[in-house]
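The structure appears below as C-alpha cells.
2 protein chains.
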Amino acid sequence: MVTLSFHMTKIGIDIMGGDFAPLAALEGAILALDKLSDDSELWLIGDQLAISDLLQQSGIDSERVKIVPTTQVIGMEEHPIKALQSKKDSSLAVGFGLLAHKKLDVFASAGHSGAVMIGAIHSVKQIDSVWRPCVASAFPLPDGSKNILLDVGINVDCKPEMLVQFAKLGTVYAREVFGIENPKVGLLNTGSEESKGSLMYQKAHELLKLESSIEFIGNMESRDFFDGHCDVTVCDGFAGNLILKQTEAFYKLLKKRNIEDDYLNQFNYENYGGTPVLGVNGNVLLGHGISNANAICNMILAAEKVAKANLAEHIKKAFN
Amino acid sequence: MVTLSFHMTKIGIDIMGGDFAPLAALEGAILALDKLSDDSELWLIGDQLAISDLLQQSGIDSERVKIVPTTQVIGMEEHPIKALQSKKDSSLAVGFGLLAHKKLDVFASAGHSGAVMIGAIHSVKQIDSVWRPCVASAFPLPDGSKNILLDVGINVDCKPEMLVQFAKLGTVYAREVFGIENPKVGLLNTGSEESKGSLMYQKAHELLKLESSIEFIGNMESRDFFDGHCDVTVCDGFAGNLILKQTEAFYKLLKKRNIEDDYLNQFNYENYGGTPVLGVNGNVLLGHGISNANAICNMILAAEKVAKANLAEHIKKAFN
Chain A
133 MVTLSFHMTK IGIDIMGGDF APLAALEGAI LALDKLSDDS ELWLIGDQLA ISDLLQQSGI
193 DSERVKIVPT TQVIGMEEHP IKALQSKKDS SLAVGFGLLA HKKLDVFASA GHSGAVMIGA
253 IHSVKQIDSV WRPCVASAFP LPDGSKNILL DVGINVDCKP EMLVQFAKLG TVYAREVFGI
313 ENPKVGLLNT GSEESKGSLM YQKAHELLKL ESSIEFIGNM ESRDFFDGHC DVTVCDGFAG
373 NLILKQTEAF YKLLKKRNIE DDYLNQFNYE NYGGTPVLGV NGNVLLGHGI SNANAICNMI
433 LAAEKVAKAN LAEHIKKAFN
Chain B
133 MVTLSFHMTK IGIDIMGGDF APLAALEGAI LALDKLSDDS ELWLIGDQLA ISDLLQQSGI
193 DSERVKIVPT TQVIGMEEHP IKALQSKKDS SLAVGFGLLA HKKLDVFASA GHSGAVMIGA
253 IHSVKQIDSV WRPCVASAFP LPDGSKNILL DVGINVDCKP EMLVQFAKLG TVYAREVFGI
313 ENPKVGLLNT GSEESKGSLM YQKAHELLKL ESSIEFIGNM ESRDFFDGHC DVTVCDGFAG
373 NLILKQTEAF YKLLKKRNIE DDYLNQFNYE NYGGTPVLGV NGNVLLGHGI SNANAICNMI
433 LAAEKVAKAN LAEHIKKAFN
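Given below as C-alpha cells:
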C-alpha cells in the first residue's frame, strides 16, 4: 500500500488585524475560501469565539479551515516592539511564531504595519545579505501586465545601495510570482537623463548600471509609469508611498466624478490586497489597515500565490 | 489739460522657447491676445521674420503687440550657463535683460528650464534672504479651488529650512495671485503623525510648526491631495516633480480609456500654462517644454495674473 505524501499550502491569517477586525478579516477569509486552490488551508488566528460563531453562521464546516485561538490583540496605536514582547498570545505574535516554526507557508495581516515588519524581522529574521526588507505594490497596467513598485513605504531614508537591493528583490518577485522571465527595471526619477534627480538617485543610477543580475533600463518618470516600459520600478520608500497614495487619490476622484471603468477600478486599494514583505526568511503579506472583507480576500489570494511560488526561498537564493 | 499716466502691463514672451517654437509660441501669443486685459501688452521676443510673417498671416495689427528682434536661440541640449553667456542676443538673454531693466513686468518662456532658472538668478537675482528659488504648480480641485504644490522640480536635494521658505513663498503666491486670505499649508508626507517621513521631513515638520507667518495644518498624505484640506502643499522638488508628473500619467490614462470629464480634463498639462519662479526679484514664468499653442496661451494668461498682482514685490516684502 502506498501512502501519498501531499503538501497542503498553509495560509495563516491574522483575524484580529485591521481597522474592521475581526469581522472584516473573517468575512474576507470566508470569501477567499471558495477561490483558493483545493490544496490550500486557511489558519484563522484570533479570538476563538468570534471565529467559530461566524463560521457557524456562515455554514462553513471545512477541513481546510483551522482555528488557532489567541487571547490578545495588538492595537494600531501601540508601540510595536513593546507590544510584541508583552503580548505573547496576540494573533500577530502567534502567527509569526507559527511561520518561524514552518507550521505555516505564509502569514498575512492587515494589522499594525510597524508591528508586522518588526514581527517579521524578529521571528523569521532578515535574509543575511539584505540590508532592509521592503514592501512592493504591483500596479495594474492597461494591457493587463504589472509595474511592480518598491519600496512603497518602509524605508523612507535610503542609501543608493538599498535601491540596488530593491531592484534585485523586485526582479525575483516579478519572475517568481508574475512569471516575467527577464523583468525590465527602471529607476523612478525626475527625468530620463542619468544626471537627473537627487544625489542619492544619481548614485543609485550608477550602481544599477553595474548590477549584472538585473535588466536595468534607466530612469522612469512618473509621467510614464503606466506605459509599460518597466516591469519593476525602484525608489525610496518615501517616493513610493507618495506614488501609491496618489493612485488612491486618483481613484477617489474617479468615484467623486461617478466614472466607472473596468481598468481604472483596479486602482481601488481593495484589489491590491496586500504587499509582500521582501527580504525576510519567510513569506509575509502586509495588508492595508482600512481593509474591508474584499480587500482581505484579495490579500489572502495574494498570500496563496506568494506561498505557492515560495517567494522567500527564491529571494534567499538570489542573495546568496 | 490733464495728462493721464497709465501703466500698461508688459508681458515678455520668449518666442524661441519650447519644443515647437517659434510656431506654437506665436500661435499661443495670438490666442492669448483676445483674452488679455486691454491694459496688457505682449512683447514677442525672437526671430523678427517669423514673428512678423505670422502676425501678418493672422491679420494681427495691434498697438498692444511689440516685436523685440533677436538672432540667437538657446537649444534644449545646451549647457545653460555657457549658452546664456555666449548667446547675448538669444531670446532668453534679451528677455531677462528687459526684465532686469524693468522694461517688462513679467517674462515667460517654455524654453530650456535650466537656462530659464539660471537666467532669472543671473539677471533679476535671488531675493536676498531666499536660499533657493523654486517653482510652484497650482492643481485644480473639484470644488474650483486650488492646491498649490511647491517645489515641483528645481531643488531635488533640500534642507528642512528650505521647505519652510517654500511654505512662505507658497503662502504669498496663494494670497496675492489666488486671493486666499489665510492659506492653509500642509507638508506632503507619508502619514499624518508628526513622526512620519524621512529625517528631513520630520525636521521640516518641527520648523513649520514654529513659523508664525504661515498657517501650518500638519502633514498631508498624497491620498488626500485633492480633498481641499490645504491651499498650499510643500515638499522637496523631487517629490513635487513625481506628484506633478503622476498627474500627467493619470491624464494620459483617462485619454487612453476615452474618458471625458470637465474637471479631470484640467489635468491636461496645457491648462497649467506655466509655473512662476518664486524667490527672484522679478516676475518669471516657466512653461512646459512640450507646450503647444494652447499651453503657451495659458502660460501668458498666468503671466498676466502674476504681473498684475506684482507677485515678486510681495514676496520681497514677506522676506524682508
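So the protein sequences, as listed, match chains A and B. In my numbering, each residue's number is its place in the first sequence (first place is 1) plus 132. In my numbering, each residue's number is its place in the second sequence (first place is 1) plus 132. Glycine included, every Cβ here is placed at the ideal spot set by N, Cα and C.
Q: Please classify M332 of chain B: does DSSP put it in a helix, a strand, or coil?
A: As a working note, residue 332 of chain B is residue 200 in the second sequence. DSSP places M332 of chain B in helix when its eight states are reduced to three.
Q) Under 9 angstroms between C-beta atoms, does P292 of chain B make it to chain A? A) Taking the first residue of the second sequence as 1, we reach residue 292 of chain B at position 160. Closer than 9 angstroms: no.
(Q) Considering only DSSP beta bridges, list what C266 of chain A is partnered with. (A) Taking the first sequence and counting its residues from 1, the one referred to as residue 266 of chain A is at position 134. Note: C266 of chain A sits in a beta bridge opposite A:L410.
Q. Given that a residue counts as buried once 16 or more other Cβ atoms are within 10 Å of its Cβ, and exposed if not, what is Q378 of chain B?
A. By one-based count along the second sequence, residue 378 of chain B stands at place 246. When all chains shown are included, Q378 of chain B counts as buried.
Q. Starting from I349 of chain B and walking both ways along the beta strand (DSSP E), at which residues does that stretch end?
A. Counting from 1 along the second sequence, the entry for residue 349 of chain B is found at position 217. Looking at the DSSP string, the run of the beta strand (DSSP E) that includes I349 of chain B is E347 to E353.
Q. If you measure from the beta carbon of Y404 of chain A to each beta carbon in chain B, is any gap under 9 angstroms?
A. Position 272 of the first sequence, counted from the first residue, corresponds to residue 404 of chain A. Chain B contact via Cβ: absent.
(Q) Once the 5 residues before and after E268 of chain A are set aside, which same chain residues still bring their CB inside 7 angstroms of it? (A) Translated into positions along the first sequence, residue 268 of chain A becomes position 136. The question names Glu, yet the displayed sequence has Ala at residue 268 of chain A. Same-chain partners within the cutoff: I280, L281, L282, V284, G302, Y305, T407, P408 and L410.
**Q.** F399 of chain B (DSSP reduced to helix, strand or coil)
**A.** By one-based count along the second sequence, residue 399 of chain B stands at place 267. In the structure shown, F399 of chain B adopts helical secondary structure according to DSSP, grouped into three states.
Q: Name the residue from A:A215, A:V317 and A:K214 whose alpha carbon lies nearest to the alpha carbon of I346 of chain A.
A: Walking along the first sequence from the start, residue 346 of chain A turns up at place 214. Just measuring C-alpha positions, the residue of A:A215, A:V317 and A:K214 sitting nearest I346 of chain A is A:V317.
Q: Taking L433 of chain B and V238 of chain B to be in contact with their CB atoms under 8 angstroms, please state how far apart those CB atoms are, rounded to whole angstroms.
A: Residue numbering aside, residue 433 of chain B sits at position 301 when the second sequence is read from its first letter. Residue numbering aside, residue 238 of chain B sits at position 106 when the second sequence is read from its first letter. Taking 8 angstroms as the upper bound for CB-CB distance, L433 of chain B and V238 of chain B are not in contact here, some 11 angstroms apart.
Q. Would you say S277 of chain A reaches chain B, if we count a Cβ-Cβ gap shorter than 9 angstroms as a contact?
A. As a working mapping, residue 277 of chain A is identified with position 145 in the first sequence. Not one chain B Cβ lies under 9 angstroms of S277 of chain A.
(Q) From the DSSP secondary-structure annotation, give me the bridge partner or partners of F525 of chain B. (A) No answer is possible for residue 525 of chain B: it lies beyond the span of chain B, which begins at 133 and ends at 452.
Q: Check the Cβ-Cβ distances between N430 of chain A and every residue of chain B, and say whether any is below 9 angstroms.
A: Within the first sequence, numbered from 1, the residue matching residue 430 of chain A stands at position 298. So, not an interface residue.
Q. So with Cβ pairs under 9 angstroms, would you call Q378 of chain B a contact of chain A?
A. Taking the first residue of the second sequence as 1, we reach residue 378 of chain B at position 246. Proximity of Q378 of chain B to chain A, defined by a Cβ-Cβ separation below 9 angstroms, is satisfied.
Q. Using a beta-carbon distance below 9 angstroms, is E353 of chain B in contact with chain A?
A. Position 221 of the second sequence, counted from the first residue, corresponds to residue 353 of chain B. Under the Cβ criterion of 9 angstroms, E353 of chain B is counted among the residues facing chain A.
**Q.** Under 9 angstroms from the C-beta of F271 of chain A: neighbouring residues of chain B
**A.** For the purposes of this step, residue 271 of chain A is identified with residue 139 of the first sequence, where counting begins at 1. For a Cβ distance threshold of 9 angstroms, nothing in chain B lies close to F271 of chain A: the least Cβ distance comes to about 11 angstroms.
Q: Tell me, please, which residues DSSP counts as bridged to K142 of chain B.
A: Against the second sequence, residue 142 of chain B aligns to sequence position 10. K142 of chain B is bridged to B:E173.
Q) So which of A:L376, A:A232, A:Y395 and A:L385 has the shortest CA-CA distance to L385 of chain B? A) What you label residue 385 of chain B is simply residue 253 of the second sequence in a count that begins at 1. With distances taken between Cα atoms, L385 of chain B lies closest to A:Y395.
Q | chain B contact residues for P274 of chain A, given Cβ-Cβ distances below 8 angstroms | A | Within the first sequence, numbered from 1, the residue matching residue 274 of chain A stands at position 142. Taking the beta carbon of P274 of chain A as reference, the chain B residues within 8 angstroms of it are L385, K388 and R389, listed in sequence order.
(Q) In whole angstroms, give me the CA-to-CA distance for A242 of chain A and E209 of chain A. (A) Residue 242 of chain A sits at position 110 when you count from the first residue of the first sequence. Residue 209 of chain A sits at position 77 when you count from the first residue of the first sequence. The alpha-carbon separation between A242 of chain A and E209 of chain A amounts to approximately 14 angstroms.
Q | Same chain, Cβ closer than 6 angstroms to G227 of chain A, five either side skipped, listed in chain order | A | Reading the first sequence from its first residue, position 95 is the one you call residue 227 of chain A. Within the same chain, G227 of chain A has close Cβ partners G144, D146, I177 and F239.
Q | Inter-residue CB distance, A441 of chain A and E326 of chain A (contact presumed, cutoff 8 angstroms) | A | Numbered from its first residue, the first sequence carries residue 441 of chain A at position 309. Numbered from its first residue, the first sequence carries residue 326 of chain A at position 194. Their Cβ separation, rounded to whole angstroms, is 34 angstroms, which puts A441 of chain A and E326 of chain A out of contact at 8 angstroms.
Q. Which one or two residues does DSSP pair with F358 of chain B in a beta bridge?
A. The residue labelled residue 358 of chain B in the question sits at position 226 within the second sequence. Answer is none; F358 of chain B lacks a bridge partner.
Q. Which ranges would you report for the alpha helix (DSSP H) in the stretch 157-242 of chain B if only whole runs of at least 4 residues count?
A. Those alpha helix (DSSP H) runs which fall completely within the stretch 157-242 of chain B and span 4+ residues are 180-189, 212-218 and 223-232.
(Q) Can you pull the chain B neighbours of S330 of chain A, defined as C-beta to C-beta under 7 angstroms? (A) Within the first sequence, the letter at position 198 stands for residue 330 of chain A. In chain order: V288, D289 and F370.
Q) So, helix, strand or coil for K291 of chain A, using DSSP? A) Numbered from its first residue, the first sequence carries residue 291 of chain A at position 159. Coil, per DSSP.
(Q) Once DSSP output is grouped into helix, strand and coil, what is the label at T322 of chain B? (A) For the purposes of this step, residue 322 of chain B is identified with residue 190 of the second sequence, where counting begins at 1. For T322 of chain B, the three-state secondary structure derived from DSSP is coil.
Q: Can you give me, in chain order, the residues of the stretch 135-169 of chain B that have a beta carbon less than 7 angstroms from any beta carbon in chain A?
A: Those would be none; no residue qualifies.
**Q.** Enclosing beta strand (DSSP E) for V284 of chain A [first to last residue]
**A.** Translated into the one-based positions of the first sequence, residue 284 of chain A becomes position 152. No beta strand (DSSP E) holds V284 of chain A; DSSP gives it neither H nor E.
**Q.** Under 8 angstroms by beta carbon: chain A residues contacting G419 of chain B
**A.** Reading the second sequence from its first residue, position 287 is the one you call residue 419 of chain B. The premise fails here: G419 of chain B is roughly 16 angstroms from chain A at the closest Cβ pair, so nothing lies under 8 angstroms.
Q: Just tell me which of A:A164, A:P315, A:G350 and A:K234 has its CA closest to the CA of N321 of chain A.
A: Your numbering for residue 321 of chain A matches position 189 in the first sequence. Closest by alpha carbon: A:G350.
Q) To which residues does DSSP link K316 of chain A through a beta bridge? A) Here residue 316 of chain A refers to the residue found at position 184 of the first sequence. Partner(s): A:E347.
Q.
Suppose you measure from the CA of E343 of chain B to the CA of F451 of chain B; what does that come to, to the nearest Å?
A. Numbered from 1 along the second sequence, position 211 holds the residue referred to as residue 343 of chain B. Numbered from 1 along the second sequence, position 319 holds the residue referred to as residue 451 of chain B. Rounded to whole angstroms, E343 of chain B to F451 of chain B spans 13 angstroms at the Cα level.
**Q.** Euclidean distance between Cα positions of Q258 of chain A and I447 of chain A
**A.** As a working note, residue 258 of chain A is residue 126 in the first sequence. As a working note, residue 447 of chain A is residue 315 in the first sequence. Their backbone Cα atoms lie some 11 angstroms apart in a straight line.
Q | For F348 of chain B and D151 of chain B, the rounded distance between their alpha carbons | A | The sequence position of residue 151 of chain B within the second sequence is 19, counting from 1. The sequence position of residue 348 of chain B within the second sequence is 216, counting from 1. D151 of chain B and F348 of chain B have their C-alpha atoms roughly 39 angstroms apart.
Q: Using a cut-off of 7 angstroms between C-beta atoms, extract the partners of S322 of chain A located in chain B.
A: As a working note, residue 322 of chain A is residue 190 in the first sequence. Just to set this straight, residue 322 of chain A is Thr in the shown sequence, not Ser. Within chain B, the residues whose beta carbon sits less than 7 angstroms from that of T322 of chain A are G285, V288, F370 and N373, listed in sequence order.
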